[in-house]
Structure formats: structure tokens, C-alpha cells
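Structural data, given as C-alpha cells:
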């Protein structure tokens with residue numbers, strides 16, 4: 001082997017391998033610290049592109065799940081109010097039956113009417129104050145409101161409040177708080193009844209029966225809509241889990257493999273450092289031969 005003093009190829013080669021080992025060791029440290037195999041695009045261009053798209057899809061599903069869960073909460077609020085309203089209507093029906101009884105006198109009917117009107121006021125208050133996020137649910141104003149699910153998992157991007165595949169099943173298509181209660185099953189308007197006279201009470205019995213039937217129909221629609229929302233939430237959740245698992249396989253670091261590589265690279269770095277020191281001494285040794 002030739003001995004030179006103007007160049008030191010051994011030192012250059014050793015320095016190059018030391019640089020490579022140090023750079024690789026730095027990457028191992030970064031992956032061990034972050035837990036990620038892909039910390040920047042240069043680590044794996046194709047993999048980075050795929051995981052970026054996956055991250056977008058996961059975030060889309062996470063947001064859609066939150067929107068759907070909010071809608072589920074909203075339907076539950078509406079259903080609870082309708083349940084309470086149905087109880088009030090049933091009590092009003094009982095009062096109407098008592099007032100329609102021929103044994104009731106004028107004073108009896110006035111007392112029954114007083115309680116009856118109080119219950120109507122309670123229904124008015126209930127319909128006017130059933131809200132979710134400051135939005136009234138029982139006055140018809142929610143008609144046409146959309147629930148955004150982002151088109152995830154191949155589903156349509158939005159759902160209409162209380163819609164079904166066949167038709168739109170809204171709580172009320174009429175304006176005014178009474179429309180939540182004083183509607184028949186076919187949606188036609190009913191007159192808020194009175195039971196002050198026997199004939200009024202007899203008419204009120206039919207009106208209240210129709211109103212109770214309508215509430216039952218509305219609660220059935222709400223239940224079906226809530227079930228649909230829950231199914232969508234389950235689908236979105238499962239899809240998000242699968243995407244997260246796939247992203248992890250591409251993006252996350254294999255800690256055992258990285259630890260093994262880090263140990264190997266650390267040994268190479270230490271050896272290269274020692275060899276570089278020796279290689280740098282060769283020109284000086286050559287000069288001593290001619291001294």
C-alpha cells in the first residue's frame with residue numbers, strides 16, 4: 001500500500017462512514033423519541049403521502065362522529081319533551097272525560113277547566129322551551145336543518161333532521177308552539193280544546209285522542225331516526241379504527257427494530273471515531289520515516 005503525505009484516503013473513507021453512521025444514529029434517536037418511522041416526507045415519500053391522506057380521512061370521520069353524536073343528543077332531548085307532553089295530554093284527556101260525564105255540574109267543570117288550562121299552558125311552555133344549543137326543537141323551526149357527516153364511508157354528506165330514506169318526518173311542519181301538540185296523525189291542524197261545557201268536553205276527547213296518537217307517531221319517527229344516527233356513528237367509528245390501524249402500520253416505528261439498529265449504528269460510530277483518529281496519524285508517521 002502506498003504511503004502518501006498530501007492526501008489521506010483512509011481518513012476520508014473513515015470520515016464518510018462516520019458521517020453515515022452518525023446520521024443514521026440521529027434518525028434512530030428521532031424515531032425512538034417520536035415513536036414514528038415517518039417524521040418527514042423524505043423518510044418515505046409514498047408512505048408519507050398515503051398516511052397524510054389517511055390522517056385527513058380519520059379527522060373527517062372524527063368530526064362526523066361528533067356531529068352525529070350531537071344529533072343523537074338532540075333527538076333525545078326532543079323525545080323526552082314529547083314524552084312529557086304526552087303525559088300532559090293524557091291527563092287532559094282524563095279531565096275531558098270527567099267533564100263530559102253527565103254527573104258533573106257547572107262548578108265541577110270550572111274546576112276541571114282551570115286545571116285543563118294550566119296543563120295547556122304547561123304544554124305551551126314545554127314546546128317553546130325545548131331547545132338544543134339555543135335552537136327550538138318543537139316549533140317547526142328545525143325543518144330542513146342538515147347534519148353534516150362529510151360523505152365519509154361512502155354515505156351521503158348530510159342528513160336532514162328527522163329524515164328517512166322515503167320522506168321527511170319533521171316534528172312539526174306548522175308554525176307556533178301549539179303545532180307540536182295540536183296536530184292529528186295526518187298532520188292536519190287541531191283546535192286547542194276547552195272542557196267548560198259537556199259538549200266541549202266531548203269534542204275535546206276526540207281532539208286529545210288524535211293529539212296523543214300524533215305524539216306517539218312523532219316519537220316513533222324520532223326513535224327510528226336516532227337508530228339510524230347510531231348506526232352511522234358505529235360505522236364511522238369502525239372505519240376510523242381501521243384507518244388508524246392501517247396508518248399505524250405505515251407510519252409508526254418498530255421500536256424493537258429501531259433499538260437493534262441504534263445499537264448497531266452506535267457501535268459503528270464508536271469504531272469509526274477510533275479508526276479516524278488512527279488514520280489521521282498516518283501522514284505524521286510517514287514524515288517521521290524521512291526525518
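In this note's numbering, the protein residues as written are 1 to 291. Backbone N, C-alpha and C define an ideal beta-carbon position, used for all residues, glycine too.
Q.
For a test of the three-state rule: what should DSSP assign to residue 147, helix, strand or coil?
A. Sequence index remark: in the chain shown, residue 147 carries index 147 (1-based). Here residue 147 sits in strand by DSSP.
(Q) Applying the 10 Å Cβ sphere with the 16-neighbour rule, what's the burial state of residue 235? (A) In the chain shown, residue 235 corresponds to position 235, counting from 1. The residue is buried, with at least 16 neighbouring Cβ atoms inside 10 Å.
Q: Please report how far the alpha carbon of residue 69 lies from the alpha carbon of residue 85, in whole angstroms.
A: Indexing the chain shown from 1 puts residue 69 at position 69. Indexing the chain shown from 1 puts residue 85 at position 85. C-alpha separation (whole angstroms): 24 Å.
Q | Cβ separation of residue 28 and residue 261, assumed to be a contact under 8 Å, to the nearest whole Å | A | Stepping through the chain shown from its first residue, residue 28 is reached at position 28. Stepping through the chain shown from its first residue, residue 261 is reached at position 261. With 8 Å as the limit, residue 28 and residue 261 qualify as a contact, their Cβ atoms being about 5 Å apart.
Q. Just how far apart, CA to CA, sit residue 264 and residue 23?
A. Taking the chain shown and counting its residues from 1, one reaches residue 264 at position 264. Taking the chain shown and counting its residues from 1, one reaches residue 23 at position 23. Each residue's alpha carbon lies about 13 Å from the other.
(Q) Once DSSP output is grouped into helix, strand and coil, what is the label at residue 103? (A) Looking up residue 103 in the chain shown gives position 103. Coil at residue 103, not helix or strand.
Q: Report back the beta-carbon spacing between residue 195 and residue 71 to the nearest angstrom; my notes put them in contact at under 8 Å.
A: Along the chain shown, read from residue 1 onward, the residue named residue 195 stands at position 195. Along the chain shown, read from residue 1 onward, the residue named residue 71 stands at position 71. Going by Cβ atoms, the distance from residue 195 to residue 71 rounds to 39 Å, so no, they are not a contact pair.
Q: Go ahead and pull the three-state DSSP assignment for residue 131.
A: Sequence index remark: in the chain shown, residue 131 carries index 131 (1-based). Looking at residue 131 - three-state DSSP - the assignment turns out to be strand.
(Q) For residue 125 and residue 238, I'd like the C-alpha separation in whole angstroms. (A) The count along the chain shown starts at 1 and reaches residue 125 at position 125. The count along the chain shown starts at 1 and reaches residue 238 at position 238. Cα to Cα, residue 125 sits roughly 41 Å from residue 238.
Q.
What would DSSP say about residue 177, mapped onto helix, strand or coil?
A. Mapped onto the chain shown, residue 177 falls at position 177. Because the pLDDT at residue 177 is just 38, under 50, the model does not fix this residue reliably, and the point stays unresolved.
Q.
What would DSSP say about residue 112, mapped onto helix, strand or coil?
A. Position 112 of the chain shown holds residue 112. Reduced to three states, the DSSP call for residue 112 is helix.
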